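First up is the structure itself, then whatever we jot down about it.
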Amino acid sequence: MLPYYLEICVVVLGSLMLCMELFAGRRSRAKIAMVGVAGLGVIFALLMFAVCSPGEDLQYWGIYHFDKWAAFYKGLALISTLLVLVMAREFAPVFKHYTSQDEEKSGIGEFYCLPIFVCSGLMWMASAKDLVTIFVSLELVTMGFYVLVAFMRRNVGSLEAGVKYLILGALSTGFLVYGIAWTFGVSGTFNLEELSVVLAGDDIPSAPVMFAFALLIAGIGFKIAVVPFQIWVPDVYQGAAMPVTAYLSVASKAAGFIVFLRVVDPFLAAPSIREPAIYLMVFVTCATLIYGNLAAIAQKNIKRLLAYSSIAHAGFLLMALPALGAAGTIAGPGPESAISFYLAGYLLMTLLCFLVLTVVRVATNGEDLTALEGLGKRSPFLAFAMLVGVASLAGIPLTVGFFGKFFLFNIAIQNAMQNGLWIVVFLAVLGAATGFYYYFKIIRAMYWEGSVSEGEVTGLKVGRLAMLAIILLVVAVFFFGIFPAPLLGLTL
Amino acid sequence: MIATGFAVTTLLLSVALGKSARRNKIKDSPYECGMLPIGESQPRFSVKFYLVAMLFVIFDIEVVFMYPWALTFRDFLARDQAAMVFWSMSGFVGILLVAYLYALKKGALSWES
Chain A
0 MLPYYLEICV VVLGSLMLCM ELFAGRRSRA KIAMVGVAGL GVIFALLMFA VCSPGEDLQY
60 WGIYHFDKWA AFYKGLALIS TLLVLVMARE FAPVFKHYTS QDEEKSGIGE FYCLPIFVCS
120 GLMWMASAKD LVTIFVSLEL VTMGFYVLVA FMRRNVGSLE AGVKYLILGA LSTGFLVYGI
180 AWTFGVSGTF NLEELSVVLA GDDIPSAPVM FAFALLIAGI GFKIAVVPFQ IWVPDVYQGA
240 AMPVTAYLSV ASKAAGFIVF LRVVDPFLAA PSIREPAIYL MVFVTCATLI YGNLAAIAQK
300 NIKRLLAYSS IAHAGFLLMA LPALGAAGTI AGPGPESAIS FYLAGYLLMT LLCFLVLTVV
360 RVATNGEDLT ALEGLGKRSP FLAFAMLVGV ASLAGIPLTV GFFGKFFLFN IAIQNAMQNG
420 LWIVVFLAVL GAATGFYYYF KIIRAMYWEG SVSEGEVTGL KVGRLAMLAI ILLVVAVFFF
480 GIFPAPLLGL TL
Chain B
0 MIATGFAVTT LLLSVALGKS ARRNKIKDSP YECGMLPIGE SQPRFSVKFY LVAMLFVIFD
60 IEVVFMYPWA LTFRDFLARD QAAMVFWSMS GFVGILLVAY LYALKKGALS WES
């Protein structure tokens, strides 16, 4: 089976679900989400077993590449979309509250279909090694998110988030296109492999190349939420529906990072601009680490807190980037592997947190830290799942978050020993320590705060599928936290 | 030099020679010798038009894409790639067909309601 059939399958699945929403009767319409989950599961199985082994580096028409990174990030996109659909199904009551109680007018069917189309865009991004393909697939993803973010049309917060995301997203797209234009103007090619050859030459003027690089960083930096392009993150995360927030913070970030890695690579490999490019990256990294961690401390809304934590995690991920292109000199997994491993772990723990939060949101109608108070008594199972997710986000040993941070710090420290960029390591240690404080605020709220009277002690209602997903995620967080090798092996 | 000079000269001449006619209400109207303008200059359109405009853009793009496809069709046939070129367009039209059915079924094309 050819690898690009996967994207075709995803698009066909989305169209099928849309047709179900149109023509099927009331009863089978309720199964749209299930069809999506099952279809994505089948496509994931196809990716694992039917598609040619990722050892070889395939390319089609020069615009579509299939290598181990592409396979890995396609897998991440599929799994996160699948879990987001499970989450959206749990979230349906709140969603209908803000749109319409009527099944058809609420647009819940479309709410299940859109992530599928976004998923196809994410999978294209994983395979894009050409600036035009990158741009088109990035737009496919962003367009889907414009609609998804603003989908709860009777909720002011959601509409506000939609407008902010639309305007800032369009602006960042402008930067990206301008950067692509400058890159093409300097090098005469859109293909990243040819670009690295051209940039490695001696007669390349460094000023326009740096300008193009900065513009590209601004454009993609918006998607992966690094400072100073993070201004939209807290508001959009807070306003959007819970599953959409989770999808934004996981899938959009993961696909953004693979594109980021691929775009940055030729620039860092060019000897004439390697030095200034690294200083630019270090500046962005330091700013992201400081801002994300410090701003998270004061947050009372959980989604806002997780938004700032998502910025902070982007900072940790960026830490490994200056080592790009110097992979031979570093012991342990290289920067690409460490970043991919971290993103996979980030997917597991973040989606775990958001699944629990979705259940709590439906039951208590609150998104503040106070909504979690007493969760340890109301539902020990959910509280434990949340505890695992949050502990993993903080990076406590025995969870996957620990090994993610471990590999990144390993690279950052070895890198600092070579070129003396200790400031990054220093800020990252500080940031990780700060992380313990604000993540433990969540744990404190669950176990030590709020009194629950006897009558209230009733378990929260969890759907069967969501329950299964939560259990699997908890197991995965522990499993990869104790045996990281299977997951790391996929990225090496 | 000549171009600038000409522009400046004509502007100055029109100031010097023009505006000699008497001004009145009819002279100052936007269209001196046409229909009398009725109503506001910026009438309000029904919001329904935006749906029509959106659908128009979608199917407009379809034709824009089909045109170069039809132009290069023979080249692909000559290179024995008939199946590829046929299925690529079928896929595109298929996706648009689903979109069209969606718009139709959701009542985007019915003016009433």
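These protein sequences, in sequence, are chains A and B.
Heads up: the first sequence begins at 0 in numbering that gives the first Met the number 0, then just goes up one per residue.
Heads up: the second sequence begins at 0 in numbering that gives the first Met the number 0, then just goes up one per residue.
Even glycine gets a Cβ: it sits at the ideal position worked out from N, Cα and C.
Source: prediction; values computed, not measured.
Query	Result
Beta carbon proximity, residue 308 (chain A) to chain B, threshold 7 Å	no
Residues sharing a beta bridge with residue 367 (chain A), DSSP	A:300
Interface flag, residue 126 (chain A) vs chain B, CB-CB below 7 Å	no
Contacts that residue 18 (chain A) makes with chain B (C-beta to C-beta distance below 9 Å)	97, 100 and 101
Beta-carbon neighbours of residue 14 (chain A), restricted to chain B and to distances below 7 Å	94 and 97
Residue of A:335, A:116 and A:305 minimising C-alpha distance to residue 490 (chain A)	A:335
Where the alpha helix (DSSP H) containing residue 15 (chain A) begins and where it ends	4-22
Residue 63 (chain A) classed as buried or exposed, judged by whether at least 16 other C-beta atoms fall within 10 angstroms	buried
Local Cβ density within 10 Å of residue 141 (chain A), reported as buried at 16 or more and exposed below that	buried
Secondary structure of residue 413 (chain A), DSSP reduced to three states	helix
Top-ranked residue by Cα proximity to residue 362 (chain A), from A:78, A:94, A:2 and A:168	A:94
Chain A within 7 Å of residue 47 (chain B), Cβ atoms only	no
Cβ contact (3+ pairs, closer than 8 Å) linking the stretch 61-68 of chain B and the stretch 82-102 of chain B	yes
Residue 150 (chain A) - containing alpha helix (DSSP H), residue span	Segment: none, residue 150 (chain A) is in no alpha helix (DSSP H) and carries neither H nor E.
Segment contact, 8 Å Cβ cut-off, at least three pairs: the stretch 141-150 of chain A with the stretch 189-198 of chain A	no
Of the listed residues A:480, A:343 and A:206, nearest to residue 74 (chain A) (C-alpha basis)	A:343
DSSP bridge partner residues for residue 63 (chain A) (one or two, in chain order)	A:59 and A:127
Sub-7 Å separation of residue 79 (chain A) and residue 320 (chain A) beta-carbons	no
Reference residue 160 (chain A), options A:101, A:110 and A:233, closest by Cα	A:233
For residue 23 (chain B), the residue or residues it bridges with in DSSP	For residue 23 (chain B), which the question treats as bridged, DSSP gives no partner whatsoever.
Residues that residue 10 (chain A) contacts on chain B, provided the C-beta gap is smaller than 8 Å	94
Min CB distance residue 24 (chain B) to chain A below 7 Å	no
Beta-ladder partner(s) of residue 190 (chain A), from DSSP	A:129
Near-chain B residues of the stretch 20-35 of chain A - C-beta to any C-beta below 9 Å	20, 21 and 22
Residue-chain proximity (residue 409 (chain A), chain D), Cβ-Cβ < 7 Å	You won't find chain D in this structure, because its protein chains are A and B.
Short Cβ contact (7 Å threshold) for residue 43 (chain A) with residue 77 (chain A)	yes
Residue from A:214, A:293, A:471 and A:12 with nearest C-alpha to residue 117 (chain A)	A:12
Nonlocal neighbours in the same chain, by C-beta distance under 6 Å from residue 178 (chain A), ignoring five residues either side	211, 214, 215 and 218
Residue from A:105, A:411, A:260 and A:227 with nearest C-alpha to residue 192 (chain A)	A:260
Own chain residues within Cβ distance below 7 Å of residue 205 (chain A), not counting five before or after	271 and 272
Neighbourhood of residue 229 (chain A) by C-beta distance below 6 Å, restricted to the same chain and skipping five residues each side	310
Selected residue, minimal CA-CA separation from residue 348 (chain A), among A:376, A:371, A:305 and A:331	A:305
Chain-order list of residues whose beta-carbon lies under 6 Å from that of residue 371 (chain A) (same chain, five-residue window excluded)	444 and 445
Cβ separation of residue 137 (chain A) and residue 124 (chain A), assumed to be a contact under 8 Å, to the nearest whole Å	6 Å
Beta-carbon proximity check, residue 318 (chain A) vs residue 411 (chain A), cutoff 7 Å	yes
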